[in-house]
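**Q** Count along the sequence shown from 1, then add 3; that gives the number in the numbering used here. Ideal placement from N, C-alpha and C gives every residue a C-beta, glycine not left out. As the structure is a computational prediction, the values presented were derived from the model and not from experiment.
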Amino acid sequence: MQGQLGLEGMPRELVRVTPARLQRWEDCPRRYRRTYLDRPAPARGSAWAHSTLGAVVHNVLRAYFGTPPDRRDPDDLPVLLRRYWKGDGFRDREQEAEYRSRAAGWLDGYARRPEASGEPLALERWVSAPTGGLIVEGRVDRIDDRGGQLVVVDYKTGRHVLSTEDARDSRALALYLMAARRTLRRPGSRVELHHLPTGRVVAWEHDEESLAEHRRYAERVAEELAAAASALADGADPDEHFPPRPGRGCSVCEFRRSCPEGRAAAPDLEPWDLLAP
4 MQGQLGLEGM PRELVRVTPA RLQRWEDCPR RYRRTYLDRP APARGSAWAH
54 STLGAVVHNV LRAYFGTPPD RRDPDDLPVL LRRYWKGDGF RDREQEAEYR
104 SRAAGWLDGY ARRPEASGEP LALERWVSAP TGGLIVEGRV DRIDDRGGQL
154 VVVDYKTGRH VLSTEDARDS RALALYLMAA RRTLRRPGSR VELHHLPTGR
204 VVAWEHDEES LAEHRRYAER VAEELAAAAS ALADGADPDE HFPPRPGRGC
254 SVCEFRRSCP EGRAAAPDLE PWDLLAP
């Protein structure tokens, strides 16, 4: 009798990843496992004020740019800010009011810039596309169409002052650009980081080689995490395949309470300590 056909030569299954998953694995494999694989998921820490602030600003901008340009008015931003505001993680009402006022100023200044007058092609758009050995997917803050070219825009509200290198080296932006071009079937090479606190916009024009470099790196990381997940499913030791990677980031890890290596590596922080001064 003819034997069963083997699997040799069969195409390898594509690994489905988001930039957030890749970054979490690079930051700390243990944190990756606890976020995406452990069930039931371990208890998480409390909210961080800087994360709350960033989420609020993103929600306001989504609603604002989702309004048709002829009905879009910066004077409506305070109403949107009140609608989406949350106080999670702030020290007290006084600090919350201070940063709410700051956010109002950031949004007003941003909305009155000339580039804010157009109509984005997509807002909070989920993009997904195969590229190399991956299926890259994720949610993009904003995608513009400028002269027939896609521009991927990411909003930032953190204390870090951005540089051109941040846009050039952002793996998330590069992968989003690749996925957006495939999903929307339009060309594009430009990625932008828009820093609301300073009004600064930093950009980078990718070429095919720079995108390929980001893709190759992402493929290597995806292979690592896929192999670790497969080993875990086969009963391997979790700490062997998902070791902790202690460092300064352990101060803000949501699983810090259950990670002795993380507590030893970085000091405790208050939920409001990472707000911009």
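Tell me the residue span of the beta strand (DSSP E) that contains V20.
**A** Taking the first residue of the sequence shown as 1, we reach residue 20 at position 17. Unbroken beta strand (DSSP E) run through V20: 18 to 20.
**Q** Less than 8 Å separating the beta-carbons of L281 and V139?
**A** Given that the chain is displayed from residue 4 to residue 280, the structure contains no residue 281 and the question cannot be resolved.
**Q** Taking contact to mean at least 3 C-beta pairs separated by less than 8 Å, is the region 123 to 131 in contact with the region 83 to 96?
**A** Contact between the region 123 to 131 and the region 83 to 96 is absent, because fewer than three Cβ pairs lie under 8 Å.
**Q** Measure the alpha-carbon distance for P190 versus S173 and round it to whole angstroms.
**A** Taking the first residue of the sequence shown as 1, we reach residue 190 at position 187. Taking the first residue of the sequence shown as 1, we reach residue 173 at position 170. C-alpha separation (whole angstroms): 19 Å.
**Q** Let me know the secondary structure DSSP gives P81 once reduced to three states.
**A** Working through the sequence shown from its first residue, we reach residue 81 at position 78. P81: helix per DSSP, three-state reduction.
**Q** Could you tell me which of H61, E122, D169 sits nearest to I146, measuring between CA atoms?
**A** Position 143 of the sequence shown, counting from 1, holds the residue named residue 146. With distances taken between Cα atoms, I146 lies closest to E122.
**Q** Give me, in chain order, the residues of the same chain whose beta-carbon lies closer than 7 Å to that of S166; leave out the 5 immediate sequence neighbours on both sides.
**A** Your numbering for residue 166 matches position 163 in the sequence shown. Closer than 7 Å at the Cβ level, and outside the excluded window around S166, lie V205.
**Q** Hey, how far is the Cα of D237 from the Cα of G202?
**A** Against the sequence shown, residue 237 aligns to sequence position 234. Against the sequence shown, residue 202 aligns to sequence position 199. Spanning the two alpha carbons is a distance of roughly 50 Å.
**Q** Among L176, G112, G57, H209, which has the Cα closest to the Cα of G141?
**A** Translated into positions along the sequence shown, residue 141 becomes position 138. Among L176, G112, G57, H209, the Cα nearest to that of G141 is on L176.
**Q** Compare the Cα-Cα distances from P117 to each of R85, T134, V155, P72 and report the closest residue.
**A** For the purposes of this step, residue 117 is identified with residue 114 of the sequence shown, where counting begins at 1. Nearest of R85, T134, V155, P72 to P117, Cα basis: P72.
**Q** On the three-state DSSP scale, how would you describe A306?
**A** Examination of residue 306 is not possible in this model, given that the chain is present from 4 through 280 alone.
**Q** On the three-state DSSP scale, how would you describe G141?
**A** The residue labelled residue 141 in the question sits at position 138 within the sequence shown. Strand.
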